[in-house]
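Student: Shown below is the structure under consideration.
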Amino acid sequence: MALENGLPWVLDGIDLGDLLLEVGPGPGLATGILHRDHPRMVSVEIDGDLAIESKRRVREEVRVLRGDGTCLPFCEGAFSAAVCFTMLHHVPSQRLQDQLLREVHRVLQPGGVFAGSDSRWSRLFGLFHMFDTMVVVDPDGFGERLENVGFADVQVDKIDGAFRFRGTRVQ
Ligand SMILES: C[S@@+](CC[C@H](N)C(=O)[O-])C[C@H]1O[C@@H](n2cnc3c(N)ncnc32)[C@H](O)[C@@H]1O
Numbered sequence: 539m540a541l542e543n544g545l546p547w548v549l550d551g552i553d554l555g556d557l558l559l560e561v562g563p564g565p566g567l568a569t570g571i572l573h574r575d576h577p578r579m580v581s582v583e584i585d586g587d588l589a590i591e592s593k594r595r596v597r598e599e600v601r602v603l604r605g606d607g608t609c610l611p612f613c614e615g616a617f618s619a620a621v622c623f624t625m626l627h628h629v630p631s632q633r634l635q636d637q638l639l640r641e642v643h644r645v646l647q648p649g650g651v652f653a654g655s656d657s658r659w660s661r662l663f664g665l666f667h668m669f670d671t672m673v674v675v676d677p678d679g680f681g682e683r684l685e686n687v688g689f690a691d692v693q694v695d696k697i698d699g700a701f702r703f704r705g706t707r708v709q
């Protein structure tokens, strides 16, 4: 899914509020688009080199931290919304993926939305990640995983090769 088409699809109709968290920006392609409308934004990337690359794409006030989405260095309720794009399958186990979902839920304000997307399994996708971490997320069970960590109003939509999701922290 091309980013230019993907971002509007994933974020369609969502109010990201005034302090946005992005987990796993990689080299910052989405960050470089999002920061134009959301200057109060923090991105957390586990790979130090990619965090530096991502920081180069954004304006001064956007913070890009080297950090781990499974153990976020923020207090409860710090963010108005959170996003992640094509990163969950890079988290090396379902247990750690769920820990990341739990952490995102914790740092969201009540009413805050977590939205994102990831790739679906295909042979090409498998080949592409032959020497890379790849724990593919099954979109069919993903809504329940979001609910299990506390998200409500959960929605998961599939298209060829990708899915999007969203859920809201209610309290
Ligand atoms: C495929 S890239 C996605 C890049 C970007 N989101 C995009 O859509 O262009 C996945 C990124 O997630 C990062 N990542 C993996 N596990 C992470 C974690 N636990 N916390 C933060 N970032 C993580 C990887 O280092 C990688 O840069």
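Okay, so the sequence shown: first residue is 539 according to the numbering used here, each after it adds one.
Glycine included, each C-beta is placed from N, C-alpha and C at the ideal position.
All values derive from a computational prediction rather than experimental measurement.
(1) Kindly indicate if chain B contains any beta-carbon less than 7 Å away from that of leucine 572.
(2) So does the region 636-645 actually touch the region 681-699, counting three or more Cβ pairs closer than 8 Å?
(3) Helix, strand or coil for aspartate 676, going by three-state DSSP, please let me know.
(4) I need the straight-line Cα distance from glutamine 709 to phenylalanine 617, nearest angstrom please.
(5) Please give me, in chain order, every unbroken run of the alpha helix (DSSP H) with length at least 4 that falls completely inside the region 564-617.
(6) Taking the runs of the alpha helix (DSSP H) that are 4 residues or longer, which of them lie wholly in the region 619-685?
(7) Where does glycine 699 sit, in a helix, a strand or coil, going by DSSP?
Tutor: So, from the data block:
(1) Judged by its chain identifiers, the structure shown contains no chain B, having just a single protein chain.
(2) Put simply, the region 636-645 touches the region 681-699. At least three CB pairs are less than 8 Å apart.
(3) Looking at aspartate 676 - three-state DSSP - the assignment turns out to be coil, as it is neither helix nor strand.
(4) Distance between the alpha carbons of glutamine 709 and phenylalanine 617: 13 Å.
(5) Annotation note: the region 564-617 contains the following uninterrupted alpha helix (DSSP H) runs of length 4 or greater, listed N- to C-terminal: 567-575, 586-594.
(6) Annotation note: the region 619-685 contains the following uninterrupted alpha helix (DSSP H) runs of length 4 or greater, listed N- to C-terminal: 632-645, 661-666.
(7) Coil, per DSSP.
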